[in-house]
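Q: Under this note's numbering, think of the first position of the sequence shown as 5, with each following residue one higher. Here's a structure for you.
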Amino acid sequence: MTDGHRPATLADFEKLEIRVGKIVQASPFPEGKYSTHILRIEFGDEIGTKKSLARLTPHYECDALLGRQVLCVTNFAPRQIGKHLSEVLTLGVPDADGNVVLLRPDQDVPLGGRLY
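Structural data, given as structure tokens:
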């Protein structure tokens, strides 16, 4: 390809575990350079609850995040962000101004369900 991107294969996609979780705790992270929120996300019995740091301003306040289902990559290695360990990557897409809009199912689904 001439645009510098290597085509992904189905095998590449299958390596990612993108799962549904529910935000059970959200707190501000004002000292974060890129992250603005600390999230605790429940994925059900198989995976349990994991921590994620995310840049969610200006669209999301902590209280409005509670109970929201989100999609996360659950099998990346944990990443140290300041004094916090981010265990999963919460997925979003940019709005017209480059601010994060979270990805989520359009209906409630069982926690831990894998994207396919």
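A virtual CB, placed ideally from N, CA and C, is assigned to each residue, including glycine.
Can you tell me whether DSSP reads E18 as helix, strand or coil?
A: Residue mapping note: residue 18 aligns to position 14 of the sequence shown, counting from 1. E18: helix per DSSP, three-state reduction.
Q: Quick one: grab the DSSP three-state call for A30.
A: Locating residue 30 in the sequence shown gives position 26, where the first residue counts as 1. A30 falls in the strand class under three-state DSSP.
Q: Considering only residues of the same chain and omitting the five flanking positions on each side of A103, which have a CB-CB separation below 7 Å?
A: Here residue 103 refers to the residue found at position 99 when the sequence shown is read from its first residue. The residue you asked about is not Ala; residue 103 is Asn in the sequence shown. Only P62 and H63 meet the Cβ criterion.
Q: By alpha-carbon positions, which one of V92, P32 and H9 ends up nearest to I22?
A: Counted from its first residue, the sequence shown places residue 22 at position 18. I22 has its Cα closest to that of V92, out of V92, P32 and H9.
Q: When the Cα of V28 is compared with those of G36, L69, Y38 and F80, which residue comes out closest?
A: Sequence index remark: in the sequence shown, residue 28 carries index 24 (1-based). Ranking the options by Cα distance to V28, first place goes to L69.
Q: Look up R23 in the DSSP assignment and give the residues it is bridged to.
A: As a working mapping, residue 23 is identified with position 19 in the sequence shown. Answer is C76 and R118.
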